[in-house]
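Enquirer: Quick one: structure below, then a few questions.
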Amino acid sequence: FRLLQLLCEDHHLGFQNYLRFQLGHTSSQVNIVKTSCEFLILLCDSKESIQKYSATEVSLISQILLFLIESLQGPCAGNQEIIVKSDVVVALDCIIYTYNKEDELMSKMNPTYMDLKSLSVILLAATLEGREDEAVHIYLDRRLDKSALESFKVNLEIVIREVIRIAKYDGRLLIEEEKSLLNTKQTALVALTTILIDLGHDISEKKSDISADYMLRHDNRDHNSDGLSSLGSSGVYVPPPSPLIGVVEVAWRGKVEKACFPIPLAVKYLPAATKQTFLNEVDMSSSEKRM
Numbered sequence: 094f095r096l097l098q099l100l101c102e103d104h105h106l107g108f109q110n111y112l113r114f115q116l117g118h119t120s121s122q123v124n125i126v127k128t129s130c131e132f133l134i135l136l137c138d139s140k141e142s143i144q145k146y147s148a149t150e151v152s153l154i155s156q157i158l159l160f161l162i163e164s165l166q167g168p169c170a171g172n173q174e175i176i177v178k179s180d181v182v183v184a185l186d187c188i189i190y191t192y193n194k195e196d197e198l199m200s201k202m203n204p205t206y207m208d209l210k211s212l213s214v215i216l217l218a219a220t221l222e223g224r225e226d227e228a229v230h231i232y233l234d235r236r237l238d239k240s241a242l243e244s245f246k247v248n249l250e251i252v253i254r255e256v257i258r259i260a261k262y263d264g265r266l267l268i269e270e271e272k273s274l275l276n277t278k279q280t281a282l283v284a285l286t287t288i289l290i291d292l293g294h295d296i297s298e299k300k301s302d303i304s305a306d307y308m309l310r311h312d313n314r315d316h317n318s319d320g321l322s323s324l325g326s327s328g329v330y331v332p333p334p335s336p337l338i339g340v341v342e343v344a345w346r347g348k349v350e351k352a353c354f355p356i357p358l359a360v361k362y363l364p365a366a367t368k369q370t371f372l373n374e375v376d377m378s379s380s381e382k383r384m
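Convert by adding 93 to the 1-based position in the sequence shown; the result is the number in this note's numbering.
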C-alpha cells in the first residue's frame, strides 16, 4: 500500500485513474482502488475489531488510509465516487467512534504520527475536494454519522487548546514536540471543519461550547450557560477562547468555495497598525489577486 501511495503522490491523476481502470486492457481489468476499499471494510467491520487490533494491524489500516487519501486528492472524481458509494463510509464511522490503545500509544510516542481517527476525517474531506456537482455530498450526508464527527471535533479542540495553555502557563514558546502535535491535530481539525461546512452543518462558535468550557474550567473561572463568555472569580469579564480555525470564501472554477485554515498563534501578537497597513497596500483589484 505504501507503493500505491507513492504512485499517486503529487496529485498524479494518470496513476490515480490507472489504479481504477487500465485503459487499453479490455480483456482484464483490476480495480485496485475498489479492492483496497474492500480490504479496509473487511478490517474495520466493527468497533469491537478495531478496539482489539495490535500495533501491526493499526499500522496496516493507517497505510491503507494514506493510500486512499492520495488516490483522491487533486481531485480524482472517479475514485471519490467509488469510496463514497461503498461501505468505506461505514468503516470510517467505526474508526472515528472507536478507541484503540495501540493507536493512542503510537500517537503519544510520536507527535508527528497521524492517528486513525485523523486519517479517517482527512479521507472523508478528500472525497469532497473540488467537486463540480453535489452527488458525493448527497451520498456522504445520507450515510455519515455526523454526531461522531462533532464529538471528535471537540476532542481535537481540547487537545489543541491544552497544548497552547500549558506553554502559555509556563511562559514559553512551543517546543518542537508540541509544534508537531499541534500540526497533526490542526490538520485533522481543518479536514473535519471542511466536511461539516461542505455538508451544510452549523460550525458556529456555539458548537465549540464544550472545548471552551473545558479551557475556562482549567483557568479556574466561572462560566455562564452559553459557554461564549464568562466572569472570573473577581467578577471581571473573561472573553471566549480565540477561534482555532478560520474560514474564507474563494472564487474557484467559477464558484465561491469556503476554505478552512488553522489560525496561526502569532495572529494575536500582530499590532493593529500592521493589519491596517496590509489592508491598505494589498492588491485586491481582481478575484485572482485577492486569492
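Backbone N, C-alpha and C fix where the C-beta goes; we use that ideal spot for every residue, glycine too.
Can you tell me whether DSSP reads K194 as helix, strand or coil?
Expert: If DSSP states are grouped into helix, strand and coil, K194 belongs with the helices.
Enquirer: Could you tell me whether the Cβ atoms of Y206 and K140 are closer together than 8 Å?
Expert: Not closer than 8 Å, so no.
Enquirer: Are the beta-carbon atoms belonging to S185 and I157 less than 8 Å from one another?
Expert: Sequence inspection shows Leu at residue 185; the Ser mentioned does not correspond to that position. Taking 8 Å as the Cβ cut-off, L185 and I157 do not qualify as a contacting pair.
Enquirer: For C187, I'd like the list of residues in its chain whose CB is within less than 7 Å of its CB, leaving aside the five on either flank, ordered along the chain.
Expert: If we look at C187 and ignore the five residues flanking it on each side, its Cβ neighbours are C137, S139, K140 and I143.
Enquirer: Is it true that the stretch 106 to 113 meets the stretch 162 to 182, where meeting means three or more beta-carbon pairs spaced less than 8 Å apart?
Expert: With a cut-off of 8 Å, the stretch 162 to 182 and the stretch 106 to 113 count as touching, because enough Cβ pairs lie within range.
Enquirer: Helix, strand or coil for V256? Go by DSSP, reduced to three states.
Expert: Note: V256 maps to helix in three-state DSSP.
Enquirer: Thinking C-beta only, is V360 closer than 8 Å to A352?
Expert: Cβ atoms of A352 and V360: not closer than 8 Å.
Enquirer: Name the two residues that bound the continuous beta strand (DSSP E) containing K361.
Expert: Counting along the chain, K361 falls outside any beta strand (DSSP E), and DSSP gives it neither H nor E.
Enquirer: For A365, count neighbouring C-beta atoms within 10 Å of its own C-beta (all shown protein chains included) and say buried if the count is 16 or more, exposed if not.
Expert: Looking at its Cβ environment, which holds fewer than 16 other Cβ atoms inside 10 Å, A365 is exposed.
Enquirer: Determine the burial state of V283: buried for a count of at least 16 other Cβ atoms within 10 Å of its Cβ, exposed for fewer.
Expert: Buried.
Enquirer: Please report the distance separating the alpha-carbon of M199 from that of I290.
Expert: Whole-angstrom Cα-Cα distance: 30 Å.
Enquirer: Going by the CB atoms, is the gap between V229 and N172 shorter than 8 Å?
Expert: Not in contact: N172 and V229 (Cβ atoms no closer than 8 Å).
Enquirer: Which one of S179, N193 and A148 has the shortest CA to CA distance from L128?
Expert: In the sequence as presented, Leu is not what sits at residue 128; that position holds Thr. Measuring from the Cα of T128, the nearest candidate turns out to be S179.
Enquirer: With a Cβ-Cβ cutoff of 8 Å, do L233 and T220 count as a contact?
Expert: Yes; because the gap between Cβ atoms is below 8 Å, this pair is in contact.
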